[in-house]
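Numbering (the numbering used here), first residue to last: 6 to 277.
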């Protein structure tokens, strides 16, 4: 007579499940033409903005309105467009999280995994990895391309290797966190319209609306919204919160952790 084992799966068996789930979600994410279009637009937006800002500085040399003024460039200004590209990154993440719920494919994805959490983790990792690549490579090019013509034109552009690498990495880390945020909200709400309706205002207009309220306590709270705090990593935006750039990024990650935990709990508790 054979004896059925009731032992819990070992950690060794759990790792391949996550690896397989990540591979599956990466294929899903990268085979949709809409995702390629959104990712390409975000990448071109970041790189193109750096190029156009550099050319704009050169044009000031012959503009009489800037005669006698010192024209200089700051590396941080060439990654400003990352804060616009985050909208497209958020859309990609929400679509990646909610697309299978609309088609019913999520049932097959959950059946393929021994537990449900690897599916959520895989969707998050796939979206965050794509966004990190877009942000890091895009910002790196946006910072590097102006180096090819600004110094030759006589414009001071103090962009050393540590500064440029830090801003490029920070841009990728910021967009990866935004992708994780969008994925968590999408998996929590399980509906593309609801996911976008919550995520997009949260990362764009809501912090500004809250900051415009006269009550000082409420205005101070706006400094701890995910994008307001997180963008300190790549922007010199002043807020009422006494946070360093990395502390601001940790606030963004705290939002991600809380929403991801909520999505994990509801994913395990609800039917597909």
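Note that CB positions come from ideal geometry on N, CA and C, so glycine has one too.
Taking the alpha carbon of residue i as the reference point, which residue from the options has its own alpha carbon closest?
i, options, result
"residue 267", "209, 197, 191, 215", "191"
"residue 40", "251, 139, 106, 167", "139"
"residue 92", "107, 110, 48, 112", "48"
"residue 53", "159, 115, 143, 216", "143"
"residue 33", "112, 247, 104, 166", "104"
"residue 212", "189, 245, 250, 168", "245"
"residue 214", "227, 121, 205, 202", "227"
"residue 155", "51, 43, 63, 196", "63"
"residue 136", "121, 153, 120, 176", "176"
"residue 113", "235, 29, 56", "29"
"residue 24", "81, 79, 131", "131"
Would you grab the beta carbon distance between residue i and residue j for me? Rounded to a whole angstrom, and I think it's under 8 Å.
i, j, result
"residue 60", "residue 76", "Not confirmed; about 13 Å, so no contact."
"residue 200", "residue 194", "5 Å"
"residue 173", "residue 204", "Going by Cβ atoms, the distance from residue 173 to residue 204 rounds to 25 Å, so no, they are not a contact pair."
Taking DSSP as the reference, what is the three-state secondary structure of residue i?
i, result
"residue 243", "coil"
"residue 10", "Low confidence applies here, because residue 10 scores a pLDDT of 38, under 50, leaving its location unreliable and the question unanswered by this model."
"residue 255", "helix"
"residue 218", "coil"
"residue 236", "helix"
"residue 274", "helix"
"residue 18", "In this predicted model, residue 18 has a pLDDT of only 47, less than 50, meaning its place in the structure is not dependable; the value taken from the coordinates is given anyway. Helix."
With respect to 8 Å, is the separation between the Cβ of residue i and the closest non-hydrogen atom of the ligand FAD below this value?
i, result
"residue 135", "Questions concerning the ligand FAD fall outside what the structure shown contains, since it holds no ligand whatsoever."
- Are three or more beta carbon pairs between the segment 120-134 and the segment 219-233 nearer than 8 Å? With a cut-off of 8 Å on Cβ pairs, the segment 120-134 is not in contact with the segment 219-233, counting fewer than three such pairs.
(Q) Within 8 Å, do at least three Cβ pairs link the segment 95-102 to the segment 149-169? (A) These segments do not touch.
For the segment 229-247 against the segment 76-87, are there 3 or more C-beta pairs whose distance is under 8 Å? Result yes; three or more Cβ-Cβ pairs closer than 8 Å.
Notebook entry, point to check: In the segment 62-91, which residue ranges form an unbroken beta strand (DSSP E) of at least 3 residues, counting only runs that do not cross its ends?
Noted result: DSSP runs (the beta strand (DSSP E)) wholly in the segment 62-91: none.
TODO: Counting only runs of 4+ residues fully inside the segment 166-208, write out the alpha helix (DSSP H) ranges in chain order.
DONE: Secondary structure within the segment 166-208: the alpha helix (DSSP H) runs of 4 or more consecutive residues, fully enclosed, are 166-194, 197-208 (chain order).
| said: I want to know whether the segment 245-261 touches the segment 182-189 - three or more CB-CB distances under 8 Å. | reply: Contact holds: three or more Cβ-Cβ distances are below 8 Å.
Those runs of the alpha helix (DSSP H) which lie wholly inside the segment 91-160 and span at least 4 residues: Here the runs fully enclosed are 111-117, 122-149.
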